[in-house]
């Protein structure tokens, strides 16, 4: 009987440890970065990229799956902070939002986590059927991009963030210009006349397809712009990303596979 209880104690201890690990300390003071919205935003922008591959850690130092991590953030009670680790390792831990913190922090984190969770849930699924003609009269479809990595920018010309990232995207196209297995495609809401007038002043080195508001809203079910897709050579969505910085990081990884 004594051995039996010893065994039960061992099992209970093991189960308690499952899903837990030794993690580093937070790289910043969770209280200090909540002193103002500007302080938190500066840290968030420079150090947290929720679209990358990372180790999600709960407030109790237990491992989480990525979806649960986002759902906890959606409740508006937590901020993610990177833990001290090797440069190539990204561990994000949830810390409580303090009662006296700027309400804008809570609001932005809630919206951001909704968007990131939607994007994450698309990854691993087949990219929807499409067959369009770009502004130069070229067909762009599942068939024409088969066997290639397809990078898709979803946007519209009156989206300030969408326009601001164009120079960075053009540099990205230039960087991969010798890769015949990578194509860059732009899905735009605007009509051909609007796009041609806009692109004459601010060129985009993507294959630009007009009049796709309905496709992006109803088929891709997007509610945030810009949104970037990386579709692998098998037509499967590898990554869905909110900005050019995240796209650059993800494409470097996907392009090596």
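Numbering (my numbering), first residue to last: 851 to 1107. From the three backbone atoms N, C-alpha and C, an ideal C-beta is built for every residue, glycine too.
For residue i, report the span of its beta strand (DSSP E) as first-last.
i, result
"residue 1091", "1087-1091"
"residue 1079", "1077-1081"
"residue 959", "Per DSSP, residue 959 belongs to no beta strand (DSSP E); it is in the alpha helix (DSSP H), 953-972."
"residue 944", "941-946"
Between which two residues does the alpha helix (DSSP H) containing residue i stretch?
i, result
"residue 1099", "1094-1104"
"residue 922", "916-924"
State the Cα-Cα distance for the pair residue i and residue j, rounded to the nearest angstrom.
i, j, result
"residue 951", "residue 923", "15 Å"
"residue 878", "residue 1014", "29 Å"
"residue 947", "residue 938", "27 Å"
"residue 1060", "residue 1034", "15 Å"
"residue 1097", "residue 1026", "13 Å"
"residue 1089", "residue 973", "6 Å"
"residue 1042", "residue 1050", "12 Å"
"residue 905", "residue 1077", "23 Å"
"residue 863", "residue 912", "Residue placement at residue 863 is flagged as unreliable, the pLDDT there being 41, under the threshold of 50; a coordinate-derived value is accordingly withheld."
"residue 1008", "residue 1106", "34 Å"
Which of the three DSSP states is assigned to residue i in this structure?
i, result
"residue 901", "coil"
"residue 935", "coil"
"residue 878", "coil"
"residue 885", "coil"
"residue 891", "helix"
"residue 976", "strand"
"residue 859", "Note that residue 859 scores a pLDDT of 40, beneath 50, so its modelled location is shaky and nothing firm can be said."
How many whole angstroms separate the CB atoms of residue i and residue j, which I take to be in contact at a CB cut-off of 8 Å?
i, j, result
"residue 929", "residue 940", "16 Å between Cβ atoms; not a contact."
"residue 1005", "residue 1036", "7 Å"
"residue 998", "residue 1083", "6 Å"
"residue 1019", "residue 1003", "7 Å"
Using 8 Å as the cut-off, classify the Cβ of residue i as near or not near the heavy atoms of the ligand FMN, replying yes or no.
i, result
"residue 902", "The ligand content of the structure shown is nil, which means the ligand FMN is not present either."
Worksheet item: Which parts of the region 979-1059 are runs of the alpha helix (DSSP H), unbroken and 4 residues or longer, counting only runs that do not cross its ends?
Response: Listed in chain order, the alpha helix (DSSP H) elements of length 4 or more contained wholly in the region 979-1059 are 1010-1014, 1016-1025, 1042-1051.
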